[in-house]
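Engineer: Attaching a single structure in structure tokens format; questions to follow.
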Amino acid sequence: MAPVQSQADADAIVPSDKDKKYDRQLRLWSASGQAALECANVLLVNSTTATVGVETLKNLVLPGIGSFTIADEAIVDDYDLGVNFFLDECDRGRSRAQCCMNHLLELNPAVNGNYYPKPNSRLDLQDILKSSGPFTIILCVLPLRPDRLASIETYAHDNHIPFVAVRSTGFYSYFHIILPGDFPVVETHPDDAANVDLRLLNPWPELMTFAGELTDNIDDLNDFDHGHLPLVVVLLHYLAVWRSNHDNMNPTTYSDKAAFRDLIAKAMRRNNAEGGEENFEEAVSSVMKLIKPLPIPASLEEIFDRCDEGEGILNSSFWSIARGVKQFYCEHQQLPLTGSLPDMKAQSAIYIRLQNLYRDKAQRDLLELFCKNARFIKLVNAAKGTRPGINQIKEQELAENETAANAGCSVPESLLSIYLALTAIDQVAMTAEENTPSWTLERAPALSWNKRTAMVAREVARAGGGELHNTSALTDVK
2 MAPVQSQADA DAIVPSDKDK KYDRQLRLWS ASGQAALECA NVLLVNSTTA
52 TVGVETLKNL VLPGIGSFTI ADEAIVDDYD LGVNFFLDEC DRGRSRAQCC
102 MNHLLELNPA VNGNYYPKPN SRLDLQDILK SSGPFTIILC VLPLRPDRLA
152 SIETYAHDNH IPFVAVRSTG FYSYFHIILP GDFPVVETHP DDAANVDLRL
202 LNPWPELMTF AGELTDNIDD LNDFDHGHLP LVVVLLHYLA VWRSNHDNMN
252 PTTYSDKAAF RDLIAKAMRR NNAEGGEENF EEAVSSVMKL IKPLPIPASL
302 EEIFDRCDEG EGILNSSFWS IARGVKQFYC EHQQLPLTGS LPDMKAQSAI
352 YIRLQNLYRD KAQRDLLELF CKNARFIKLV NAAKGTRPGI NQIKEQELAE
402 NETAANAGCS VPESLLSIYL ALTAIDQVAM TAEENTPSWT LERAPALSWN
452 KRTAMVAREV ARAGGGELHN TSALTDVK
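Residues 2 to 479 (my numbering) make up the sequence shown, in order.
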């Protein structure tokens, strides 16, 4: 009879109301991702109709962001009511920032919200940045006054936080992410299958001892025990058999692995009640996937290359651990063990022993969090120097198109026309629609032959700077 659970154990099993509320997203980014989300403090600096900014906040409020602040000096008018779903008739004549904040907070009472400017005061962005922070990310809806944009960029750079600029007009939109420096990502949430490292080609002594105990007299095992050997044990045993007949070499080529797979298949018992053995079938099907050395991903190689660049920004806990992992790899020619073990056919007691072996080895290898994700960490490199101007973007895009054309590649049409047209509406007088096409073609004469360029420019001009809610919802840069 199973032991009676204590009340404390029962309480630990029952999910909390919060876990129930966020169940689906917790499966996507786990508890650590949810904790990071709940610690986030987002600043939205709005302009135009504010639709794309509010849509982005909506998709952060619903999963439970910590807090947000809306900076928007506009007053709600009839035009806003036609394009922003977070405003209604009773909001006319009131602060758009306050109204959007109130409606967003209705979506999730656990989120905190704030707005500026307050009644009878003007919008002072410098004061907001000083008094309402620290912000973890800033989202700006373009166009913004140059002085305000400069203040935000300076704040983001000085406080080492990401800054996102977004523009939405008519059926088109774009966004630009500006990072304050290199951005390390440890928890990249790879697929479970990608995180499997069983060390079958280079097992440690305790694992070999465990496998040897279970397979010492494998042919004399009864059908039940033989049919419940974990696939790790099966593969390790027959790898030893293979090496004994192949000059102590592991199967490396495709033909070798196919022959090794046949070796395991022939060892499977079929004269039993089931007519086969599920554990041996698992072993056979996993040969091609598991019997191979795991390469170092390019993203991790890049981090290893950066480990010795000196002090400064690299002198952080991330880089200290990265240097340790690099040293571990140089000494052992393999990464620290992740400790994860996939589900497999086995007796519960034996599976738990095997699981503990992998966990103990992983803990001995290095720090748990970093090692679990060591194979999948990435470094997002921020662009060095100032942001590229329109001319630089244009030249790069046209050069890539020409290279692709010369190589005979079939590539999608360049998005340069859309980017130039969206930029044009911030540069030319909006009273004349023809200004947008002419400004666009002046900046990119090489596109003058392209009918699509003129069509895009006319479409953007026709939108008159207005946002469409469906386009803004699709753009959502959360």
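Heads up, the beta-carbon is just placed ideally off N, CA and C, and yes, glycines get one too.
How would you write the range of the beta strand (DSSP E) that V141 sits in, first residue to last?
Structural biologist: Just to set this straight, residue 141 is Cys in the shown sequence, not Val. Its beta strand (DSSP E) spans residues 138 to 142.
Engineer: Would you check if the distance between the CB atom of T170 and the CB atom of A464 is smaller than 8 Å?
Structural biologist: Yes. Within cutoff.
Engineer: By how many angstroms is the C-alpha of D92 removed from the C-alpha of D78?
Structural biologist: Roughly 8 Å between the two C-alpha positions.
Engineer: So what does DSSP say about S287, is it helix, strand or coil?
Structural biologist: Three-state result, S287: helix.
Engineer: Could you give the DSSP three-state label for E107: helix, strand or coil?
Structural biologist: coil
Engineer: So, is G340 buried or exposed, given that buried needs 16 or more other C-beta atoms within 10 angstroms?
Structural biologist: buried
Engineer: Buried or exposed, going by whether 16 or more other CB atoms sit within 10 Å of the CB of E283?
Structural biologist: With 16 or more other Cβ atoms within 10 Å, it is buried.
Engineer: In the structure shown, what three-state DSSP assignment does A363 receive?
Structural biologist: Three-state result, A363: helix.
Engineer: Is the CB-CB distance between A140 and T57 below 8 Å?
Structural biologist: Checking the displayed sequence, the identity of residue 140 turns out to be Leu instead of Ala. Contact flag set, yes.
Engineer: Could you name the residues of the same chain whose beta carbon sits closer than 7 Å to that of N160, not counting the 5 residues immediately before and after it, in chain order?
Structural biologist: Excluding sequence positions up to five before and after N160, its CB lies within less than 7 Å of the CB of P135, all in the same chain and listed in chain order.
Engineer: Please go through the same chain and pick out, in chain order, the residues whose beta-carbon is closer than 7 Å to the beta-carbon of L124, but skip the five residues on each side of it.
Structural biologist: A72, E74, Y117, P118
Engineer: What are the partner residues of F176, as DSSP defines its beta bridges?
Structural biologist: V167
Engineer: Excluding the 5 residues preceding and the 5 following L236 in the sequence, name in chain order all residues of the same chain whose CB lies nearer than 6 Å to its CB.
Structural biologist: L201, A284
Engineer: By a C-beta neighbour count over all protein chains shown, 10 Å radius and 16 as the cutoff for buried, is N316 buried or exposed?
Structural biologist: Unreliable placement is indicated for N316, whose pLDDT of 48 sits below 50; the coordinate value is still reported in the next sentence. So N316 ends up on the exposed side.
Engineer: Can you tell me whether T253 is buried or exposed? The criterion is at least 16 other CB atoms within 10 Å of its CB, across all chains shown.
Structural biologist: exposed
Engineer: When you compare only the Cα positions, how much space is there between N471 and L342?
Structural biologist: 44 Å
Engineer: Chain D beta carbons: is any one of them nearer than 8 Å to that of A323?
Structural biologist: No chain D appears in the structure shown, which is made up of a single protein chain.
Engineer: Anyone know if the C-beta pair for H177 and A166 falls short of 8 Å?
Structural biologist: yes
Engineer: Is it true that the CB of N109 sits closer than 8 Å to the CB of V62?
Structural biologist: yes
Engineer: Do you know how far the Cα of K362 is from the Cα of N203?
Structural biologist: 13 Å
Engineer: Give the single residue among I304, N280, N357 whose Cα lies nearest to the Cα of L208.
Structural biologist: Minimum Cα-Cα distance from L208 among the listed residues I304, N280, N357 corresponds to N357.
Engineer: Quick one: what's got a C-beta closer than 6 Å to Q44's C-beta in the same chain, skipping five residues either side?
Structural biologist: The sequence as given places Leu at residue 44; Gln does not occur at that position. Hits under 6 Å: T70, F136, I139.
Engineer: Going by DSSP in three states, L416 sits in which element: helix, strand or coil?
Structural biologist: coil
Engineer: Just to confirm my understanding: we take S473, look at its own chain, exclude 5 residues before and 5 after, and list those with CB closer than 6 Å. What are they?
Structural biologist: T52, V53, E56, S169
Engineer: Using the C-alpha atoms, what's the distance from H333 back to G313?
Structural biologist: Caution applies to G313, whose pLDDT of 48 falls short of 50 and renders its modelled position unreliable; the model cannot decide the point.
Engineer: Using only the alpha-carbon positions, how far apart do T476 and Y175 sit?
Structural biologist: 7 Å
Engineer: DSSP puts T216 in a beta bridge; with which residues?
Structural biologist: Paired residues: none, contrary to the question.
Engineer: Going by DSSP in three states, F329 sits in which element: helix, strand or coil?
Structural biologist: helix
Engineer: Got a sec? Which residues, its chain only, sit under 6 Å from L222 by beta carbon, not counting five neighbours each side?
Structural biologist: none
Engineer: Please state whether DSSP places E275 in a helix, a strand or coil.
Structural biologist: coil
Engineer: Taking the alpha carbon of T360 as the point to measure from, which residue in F329, A323, L199, A260 has its own alpha carbon closest?
Structural biologist: Residue 360 is actually Arg in this sequence, not Thr. Closest by C-alpha distance to R360, out of F329, A323, L199, A260, is L199.
Engineer: When the distance is taken between beta carbons, is V234 closer than 8 Å to L215?
Structural biologist: yes
Engineer: Given a cut-off of 8 Å on the beta-carbon distance, is the pair G277 and M289 in contact?
Structural biologist: No, the pair does not count as a contact, with Cβ atoms beyond the cut-off.
Engineer: Please go through the segment 39 to 85 and give each complete beta strand (DSSP E) segment of 3 or more residues, from N-terminal end onward.
Structural biologist: Counting whole runs of 3 or more residues, the segment 39 to 85 contains the beta strand (DSSP E) stretches 42 to 46, 68 to 72.
Engineer: Would you tell me roughly how many angstroms separate the C-alpha atoms of R271 and F261, rounded to the nearest one?
Structural biologist: 19 Å
Engineer: Measure the alpha-carbon distance for T155 versus G83 and round it to whole angstroms.
Structural biologist: 35 Å
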